[in-house]
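Quick note on numbering: the sequence shown equals residues 289 to 412 in my numbering.
Think of the CB as a built atom: it goes at the ideal place given N, C-alpha and C, for glycine as much as any other residue.
Quick caveat, the model's predicted, so the values are computed rather than measured.
In what follows, a structure is listed as structure tokens, so that the remarks can point back to it.
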Amino acid sequence: MPRILVVDDELLIRDLLYDFFTSRNYDIILAESASKALEIIRSDEIDLVLTDLKMPDMDGLEMLRRANTREDGPPVIIMTGFPSLESAIEALRLRVADYIVKPFNINRLFECIEAVLEEKAPVS
């Protein structure tokens, strides 16, 4: 069962994603802040990070910089209600797997996550 860390300061978004993905047999860990997410990333085995870009304590890109994500670290998908060319370019520099604009289609997000996890899966 894939383990996904959902990072968003909005309770409604966290609850929506939790309900949707647990109903599809994903193991979901929720973090309401980038600081909390950093603790989880450093201590747990995570298959994918799905994070908001703009949060009160630090933005999602800064969180990724501080996480010292290695090449073998979990792939990351950014969600944002405040898209900009600058943040999209920085996301690419940080090797973010995808950059999704809110409001998003939940089925499109699901397809994106499935594709990223499939790409990450070891070849047997």
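- Looking only at 383, 297, 372, the smallest Cα-Cα distance to residue 362 is reached by 383.
- Around the beta carbon of residue 352, a 10 Å sphere encloses 16 or more other beta carbons of the protein chains shown; the residue is thus reported as buried.
- In this structure residue 394 touches residue 308 by the C-beta definition: roughly 6 Å separates them, less than 8 Å.
- When the beta-carbon positions are compared, residue 318 and residue 294 come within less than 7 Å of each other.
- Residue 355 places its beta carbon 7 Å or farther from that of residue 397.
- Note that the C-beta distance between residue 291 and residue 315 is below 7 Å.
- Cα atoms of residue 322 and residue 345: separation of roughly 7 Å, rounded to the nearest angstrom.
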